[in-house]
Amino acid sequence: MKEITEILNAYSQAKLEGKKAALATVVKVEGSSYRQPGARMLVIEDGFLTGAISGGCLEGDALRKALLSIHQQQNKLIIYNTNNDDDLELGLQLGCNGVVHILFEYIDDNIQNNPIHLLQQLQAERKPAIIATLFSLKKQAKQSGTVLFYRENTEPVYHDSIALQLITDAKQVLSKKLTIVKEIEENTETEALIEYISPPVSLVIVGAGNDVQPLVKMVEIIGWEITIAEGRATHATKKRFPEAKNIQVGKPETVLENINIDSQTYFVLITHNYKYDLAMLKLLLQTNCNYIGILGPKTKLNRMFDDLYNEGIKITEEQLNRIYGPIGLDIGAETSEEIALSIMAEIKAVISGKTGTSLKYKTGKIHTTAPYAES
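Be aware that the sequence shown starts at 2, since it is given in the working numbering, and climbs by one per residue.
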């Protein structure tokens, strides 16, 4: 979601400056690729790039293709084949042993539901949504591009009437939370990237000490939304944490009243105030947040469990599975910055359903490619 937000911001600036743009989207991958379907890059006519569609090997040639799309005001599908000697002669040297299909869309402000407008719908509220993009592998065929925005219990926003044929698929993708690529029309070789997009991660950091600052800076880089919650007004300030979207000061019960907890909300307890952390943990156990990280040794955590038990609170297996203490991956972290890296890596692993082990020992593919769904 961070990449999309940056693209939308870059386009708004380009529009103010009267500059034209094209959107490049990875719509299909066969084999291996650095970026997966849904990766996007905005190209401004002056050559300014926002986002990425590869590890840097495609961007140079993609810039030329995007500028051609802007000049001709047409959508274009370009296929990069790492096994194709012609691509190697171009100097692309992809080195991923895969075929990457990239759709270039000219952004026309005169079209009401153009790709940028459809992407903007994602910012309306913190709920999962679907973006569908149509493309054809047949030469000289129409490239419809980004045609549909769909969110549960809302009217779909679409650019082309063919998008309405994708509503059933969009509902299934939304339910399964899994992006797919699907053939739509066999005779025109038209396919659709039906992409599941979750809202940005909301990280609530309970604590505002100096050791929180490196964590906030790292989290801001990867685009998570940050909330600082503290009992000390002297520490929880915008001056100390300019990257934070939200700062809440008060007792745990007061703080939580002002925080919306959804499936993408994660909590980290690092106040160094045992009573505050304990009170916050007691309240969080009653919520459905997927991650409650607690800084400190195992003895502190066990003491918290004992104190809760003495209050008549028995922690269930389900609740215990959501508690991570001591917090972080075991990478030998010592400094505040290293501990911040350990915490952030563990949360990312939990989000992705991974264990955080070294890729050296992974036997399968590094990235999960969007499956190809049969019609």
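Where is the CB? At the ideal position from N, CA and C, for every residue including glycine. Quick caveat, the model's predicted, so the values are computed rather than measured.
Distance from the Cα of Leu-175 is smallest, within the candidate group Phe-306, Pro-129, Tyr-292, Ile-227, for Pro-129. The residue among Met-281, Thr-180, Asp-212 with its C-alpha nearest the C-alpha of Ser-199 is Thr-180. CA-CA distance, Lys-218 to Leu-120, rounds to 26 Å. The segment 142-149 makes no contact with the segment 202-221, as fewer than three CB pairs between them are under 8 Å. Residue environment for Ser-55: buried (at least 16 other C-beta atoms within 10 angstroms of its C-beta). Within the DSSP secondary-structure output, Thr-191 pairs in a beta bridge with Ser-137, Glu-186. Under the three-state reduction of DSSP, Met-2 is assigned to coil, being neither helix nor strand. A direct Cα-Cα distance of roughly 15 Å separates Glu-221 from Val-269.
About 17 Å separates the Cβ atoms of Val-44 and Thr-134, ruling out a contact at the 8 Å cut-off.
A residue is called buried when at least 16 other Cβ atoms come within 10 angstroms of its Cβ; Tyr-197 meets this threshold and is buried. For Leu-104, the enclosing beta strand (DSSP E) begins and ends at 99-107. Counting C-beta atoms within 10 angstroms of its own C-beta, Ala-234 has fewer than 16 neighbours from the protein chains shown and is therefore classed as exposed.
Comparing alpha-carbon positions, the option among Lys-246, Leu-284, Arg-241 lying closest to Lys-252 turns out to be Leu-284.
8 Å or more divides the Cβ of Glu-244 from the Cβ of Ala-237. The Cβ atoms of Ile-332 and Ser-343 lie closer than 8 Å to each other. Annotation for Val-202: no alpha helix (DSSP H) segment contains it, and DSSP assigns it neither H nor E.
The three-state secondary structure of Ile-344, taken from DSSP, is helix. Between the segment 321-339 and the segment 288-295 there are three or more C-beta pairs closer than 8 Å, enough to call the two in contact. Cβ atoms of Phe-242 and Ala-209 come within 8 Å of each other, at about 7 Å. Burial check for Gly-329: the Cβ neighbour count within 10 Å reaches 16 or more, so the residue is buried. Shortest Cα-Cα distance from Tyr-35 to any of Lys-315, Glu-60, Ser-137, Leu-50 involves Glu-60. Distance from the CA of Thr-51 to the CA of Met-345, rounded to the nearest whole angstrom, comes to 24 Å.
With respect to the 8 Å criterion, Ile-103 and Thr-26 are classified as neighbours on the basis of their beta carbons. When DSSP reads this structure, Thr-358 sits in no beta bridge, so it has no partner.
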